[in-house]
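Per the working numbering, the very first residue in the sequence shown carries number 4; after that it's consecutive.
The structure under discussion appears below in the form of structure tokens.
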Amino acid sequence: MKRTIYLSIFVVLSAAAGLLYYNHTRQATVLIANRDLAVGTSIQDADVALRAVNPGSLAGHMLSSPEQAIGQVVALPILAGDFIDARQIAPMKNAQLLTAGLQLPPGYRIIGLPVTPSAAVGGALKAGDTVDVLAMDNPSKVAALADEPAPAPTMLGKNVLVIGLRTDQGASTESADHGLNSGSNRPSTVLLAIPQIDEATYSAAIAHSSFVLTLSTE
């Protein structure tokens with residue numbers, strides 16, 4: 004009788020030990036980033052890799068296959084070697100990704116103005132700054148009469164919120180090496196939050212004007 008009891012205890016303990024060993028040594032597959040991925044980046048095959056890890060080190064939202072991430076857009080910054088969380092990516096670019104975490108006021112729209120660094124405080128702007136926006140007729144966009152003086156600049160907006168900056172290649176300046184085309188004067192894009200009622204005014208200006216942005220200090 005005692006032998007049977009001892010044998011039963013041994014079997015139970017062996018099974019428990021085997022289960023603990025299995026849980027300790029078994030591996031799970033998780034997706035990691037091969038490089039730093041900035042917000043707005045469209046994830047490609049070369050950007051990710053698989054790694055075997057202990058399941059105990061994983062949270063519930065980690066991705067486990069490249070197919071879950073490739074083609075998605077980075078919504079929160081991901082550093083090289085980090086596990087990729089499903090909450091860090093989104094199916095497509097949207098306004099929330101453009102705003103760099105800034106709150107867009109109700110009734111406002113995001114518009115991109117083409118500028119050169121020299122006309123945008125030397126390219127020193129950053130998301131969260133407020134600027135005054137001046138529009139000047141651009142002879143290369145509209146036919147100018149030789150005998151007429153150039154019209155005075157038009158003030159389009161004061162204390163306008165800068166939502167983001169893009170290089171001439173369309174990348175955010177956070178993922179570019181040297182900011183807003185530093186070292187060149189190629190056109191870039193400044194993303195601004197403007198009232199909906201001003202959309203038509205800004206859109207018309209883009210067709211025939213160049214822009215100067217001055218940093219608001221008020």
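Idealized CB from N, CA, C, for every residue including glycine.
In this structure the segment 74 to 94 does not touch the segment 105 to 124; the number of beta carbon pairs closer than 8 Å is below three. Taking C-beta atoms under 8 Å as the contact rule, residue 113 and residue 196 qualify, at a distance of about 6 Å.
Take the alpha-carbon of residue 46 and the one of residue 54: they are about 17 Å apart. Counting every other CB atom within 10 Å of its CB across the protein chains shown gives residue 203 a total below 16, marking it as exposed. Residue 48 is classed as exposed because its beta carbon has fewer than 16 other beta carbons within 10 Å across all chains shown. Scanning 32, 52, 31 and 30 for the CA closest to the CA of residue 38 turns up 52. When only Cα atoms are considered, residue 132 and residue 199 end up about 20 Å apart. Bounds of the alpha helix (DSSP H) holding residue 209 are 202 to 211. According to DSSP, residue pairing for residue 197 in a beta bridge involves 112. Of the residues 76, 166, 218 and 30, the one whose Cα lies closest to the Cα of residue 111 is 166. Excluding five sequence positions before and after residue 44, the CB atoms of its chain that fall closer than 8 Å to its own CB belong to 50, 76, 77 and 178, given in chain order.
In this structure residue 194 does not touch residue 123 by the C-beta definition: roughly 12 Å separates them, more than the 8 Å allowed. Cβ-Cβ separation between residue 34 and residue 66: approximately 4 Å, consistent with a contact (criterion under 8 Å).
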